[in-house]
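Here the structure is laid out as structure tokens; the discussion comes afterwards.
There are 2 protein chains.
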Amino acid sequence: MKKPLILVTNDDGITSPGIKALIECAAKLGTPFVVAPDSPQSGQGHAITLTEPIRLKEVDIFSGITAYECSGTPADCVKLAKNVLLRDQQIDLCVSGINHGSNASINIIYSGTMSAAMEASIEGIKSIGFSNVSYSYKADLDACKHYAHQVMRAVLQDDFKDCHLLNVNFPDLPLSEIKGLKVCRQGKGNWREKFLENRDPRDQPYYWLAGEFLEEEHDKDTDLWALQNGYVSVVPSKHDLTDYKALKSIHHLENINDAS
Amino acid sequence: MKKPLILVTNDDGITSPGIKALIECAAKLGTPFVVAPDSPQSGQGHAITLTEPIRLKEVDIFSGITAYECSGTPADCVKLAKNVLLRDQQIDLCVSGINHGSNASINIIYSGTMSAAMEASIEGIKSIGFSNVSYSYKADLDACKHYAHQVMRAVLQDDFKDCHLLNVNFPDLPLSEIKGLKVCRQGKGNWREKFLENRDPRDQPYYWLAGEFLEEEHDKDTDLWALQNGYVSVVPSKHDLTDYKALKSIHHLENINDAS
Numbered sequence: 054m055k056k057p058l059i060l061v062t063n064d065d066g067i068t069s070p071g072i073k074a075l076i077e078c079a080a081k082l083g084t085p086f087v088v089a090p091d092s093p094q095s096g097q098g099h100a101i102t103l104t105e106p107i108r109l110k111e112v113d114i115f116s117g118i119t120a121y122e123c124s125g126t127p128a129d130c131v132k133l134a135k136n137v138l139l140r141d142q143q144i145d146l147c148v149s150g151i152n153h154g155s156n157a158s159i160n161i162i163y164s165g166t167m168s169a170a171m172e173a174s175i176e177g178i179k180s181i182g183f184s185n186v187s188y189s190y191k192a193d194l195d196a197c198k199h200y201a202h203q204v205m206r207a208v209l210q211d212d213f214k215d216c217h218l219l220n221v222n223f224p225d226l227p228l229s230e231i232k233g234l235k236v237c238r239q240g241k242g243n244w245r246e247k248f249l250e251n252r253d254p255r256d257q258p259y260y261w262l263a264g265e266f267l268e269e270e271h272d273k274d275t276d277l278w279a280l281q282n283g284y285v286s287v288v289p290s291k292h293d294l295t296d297y298k299a300l301k302s303i304h305h306l307e308n309i310n311d312a313s
Numbered sequence: 054m055k056k057p058l059i060l061v062t063n064d065d066g067i068t069s070p071g072i073k074a075l076i077e078c079a080a081k082l083g084t085p086f087v088v089a090p091d092s093p094q095s096g097q098g099h100a101i102t103l104t105e106p107i108r109l110k111e112v113d114i115f116s117g118i119t120a121y122e123c124s125g126t127p128a129d130c131v132k133l134a135k136n137v138l139l140r141d142q143q144i145d146l147c148v149s150g151i152n153h154g155s156n157a158s159i160n161i162i163y164s165g166t167m168s169a170a171m172e173a174s175i176e177g178i179k180s181i182g183f184s185n186v187s188y189s190y191k192a193d194l195d196a197c198k199h200y201a202h203q204v205m206r207a208v209l210q211d212d213f214k215d216c217h218l219l220n221v222n223f224p225d226l227p228l229s230e231i232k233g234l235k236v237c238r239q240g241k242g243n244w245r246e247k248f249l250e251n252r253d254p255r256d257q258p259y260y261w262l263a264g265e266f267l268e269e270e271h272d273k274d275t276d277l278w279a280l281q282n283g284y285v286s287v288v289p290s291k292h293d294l295t296d297y298k299a300l301k302s303i304h305h306l307e308n309i310n311d312a313s
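Protein chains in written order, with our numbering: chain A, 54 to 313; chain B, 54 to 313.
Laid out in structure tokens, this is it:
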């Protein structure tokens, strides 16, 4: 039986420890094919490159595994893999990460990791974004690898009909202290921004984004609760942004009179 | 009574015709305050600038209206407006656009215009993204202005409780041929990509994203149908990406055994 073809990407760049860990997981379950940014792309959201050309270069840094570095965004990497590099092949799964930093709660909106996974899901490929809540490149990823392997295997076995995109986040804990997987919804949270304001060497002002994350709820069915309580959070996600609740309540907008 | 403070931004850049049209609408209803990118940012999705400083410069190009150009992304513009320039003031409404090109259907995911509006909604500000389906900078925006004014006025009058973000798209038609507003959901569509592949002057390969948009459904309750049938589409949108339907069906993932 043909081994599943697993597209691996990320947003921290092709030399980050997180993608190496994910490639190891993918190699146990199928044939990894790597297309990842040539430099860190954190905070890229669902950016795509429209106004300039994109470069692709094959690199030999994962002992025998086919890998390309790409000058574009994480979403560009997936588009190039699907439409150029693997044009005539079926991609069985796309995995993105392991991101160094949480993509739980509202962070999914800003996340390059999740944008790559979402792009694959838009293209009809089952996909999973993985993130570790620790920002440290030196964080121990053994527990992440253990659970990433389990989730990938489950998705490859096609347990999850009609669910095309998972946002998986790992707590910063050793394997022995993780309580298991928790399927949950995106918790409400937000960044309280505080721009660093300063002057450059030519006395011109500049601003640099900083801030702290504020959790706005602690309900037990959220990813925020799961991570704080020792679970790996798994949020099924989608790219239909319609607010169906509001859809029912604003139909009178169609009848506004022009009294301007 | 104090006039409402209306933050105006876009993704085509501060010199585009679309933002000028939107500022005219805002000036009729309140006090516009403009913070927009200093260069085009199409396809930026919800990108934010983390790894470098951002510049802000006050410009006098809208006859007496306060305006800043910003080196960052559309989402950066909103963050800087809220947290630096208008730190102690209440922003009553944020409007983004008028984008030159459709942001209906899946385009909301890639859209810098909608990312700015979404960023404002995350910050608790009611917001509206406006887009004209024509990509031409020479398109007649009179009909857009007419309907943008109506929608902004309605939202300022607080008709729309619990609805914080609207994705409004205009068909490329003169005012007399537009049938009215249609409240609808995000229609299913996708881009069929076809990368332009070529060689640069140094004989190195490059790839340039191209493609055509494919509508995947024609249901009457979608933005795609509304636009094709002469209506202005209005999709209430949100930043909770949880797939609530899938949430109910994948709980068995919590019980996967470790048979690895």
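We put the beta carbon where it would ideally sit given N, CA and C, even for glycine.
Between PHE213/B and PHE183/B, the CB-CB gap reaches or exceeds 9 angstroms. Rounded to the nearest angstrom, the Cβ distance from GLY98/A to ILE162/A is 7 angstroms, consistent with a contact under 8 angstroms.
In the three-state scheme derived from DSSP, where H, G and I count as helix and E and B as strand, ASN308/A is classed as helix.
Within the DSSP secondary-structure output, LYS235/A pairs in a beta bridge with SER286/A. Chain-order list of chain A residues neighbouring VAL287/B: LEU306, by C-beta distance under 7 angstroms. Non-local beta-carbon contacts of GLU122/B in its own chain, meaning distances under 6 angstroms to residues more than five positions away in sequence, involve ILE67, ASP91, LYS110 and VAL112 in chain order. Here TYR163/B carries a helix assignment [DSSP, helix/strand/coil]. The three-state secondary structure of SER149/A, taken from DSSP, is strand.
Using beta-carbon distances, PHE115/A does not count as an interface residue toward chain B, since no partner is under 9 angstroms. In the three-state scheme derived from DSSP, where H, G and I count as helix and E and B as strand, VAL112/A is classed as strand. At least one CB atom of chain B sits nearer than 9 angstroms to the CB of PRO93/A. The three-state reading of DSSP puts TYR297/A in helix, counting H, G and I together. For ASN136/A, the three-state secondary structure derived from DSSP is helix. Considering only beta carbons, the part of the segment 126 to 147 of chain B lying closer than 9 angstroms to chain A consists of THR126, ALA128, ASP129, LYS132, LEU133, LYS135, ASN136 and VAL137, in chain order. Looking at the DSSP output, GLU265/A sits in a beta bridge with ARG245/A. The continuous stretches of alpha helix (DSSP H) do not include ALA120/A, which lies in the beta strand (DSSP E) extending over residues 120 to 123.
With fewer than 16 other CB atoms across the displayed protein chains lying within 10 angstroms of its CB, GLY117/A is exposed.
VAL88/B is positioned such that its CB atom lies closer than 9 angstroms to that of ALA120/B. By alpha-carbon distance to LEU228/A, the top candidate from ASP65/A, LYS235/A and GLY283/A is GLY283/A. Among the CB atoms of chain A, none fall inside 9 angstroms of the CB of ILE181/B. In the structure shown, the three-state DSSP call for SER168/A is helix. For LEU194/B, no CB of chain A lies under 9 angstroms from its own CB, so it is not counted at the interface with that chain. For ILE59/A, the enclosing beta strand (DSSP E) starts and ends at 58 to 62.
Beta bridge pairing from DSSP links LEU219/B with ILE181/B and PRO289/B. Counting only residues of its own chain and dropping the five nearest sequence neighbours on each side, LEU226/B has a CB closer than 8 angstroms to the CB of ALA196 and GLY283. Counted as a single uninterrupted DSSP element, the beta strand (DSSP E) harbouring ALA89/A occupies residues 84 to 90.
Taking the C-beta atoms as reference points, ALA100/B is found no nearer than 9 angstroms to VAL131/B. Per DSSP, the beta bridge partners of THR275/B are ARG238/B. Comparing alpha carbon positions, the residue from ASP293/B, LEU300/B and GLY233/B closest to GLN203/B is GLY233/B. Annotation for LEU209/B: the continuous alpha helix (DSSP H) segment containing it runs 195 to 209. Contact holds between the segment 267 to 287 of chain A and the segment 236 to 243 of chain A, because three or more Cβ pairs, one in each stretch, are under 8 angstroms apart.
The beta carbon of GLU246/B sits closer than 6 angstroms to those of GLY264, all from its chain and outside the five residues before and after it, given in chain order. In the structure shown, GLU105/A adopts coil according to DSSP, grouped into three states. Within the segment 76 to 93 of chain B, the residues whose Cβ lies closer than 8 angstroms to any Cβ of chain A are, in chain order, LYS81 and PRO93. The straight-line gap separating the alpha-carbon atoms of SER124/B and ASN136/B is approximately 16 angstroms.
The beta carbons of ILE59/B and ALA74/B sit no closer together than 9 angstroms.
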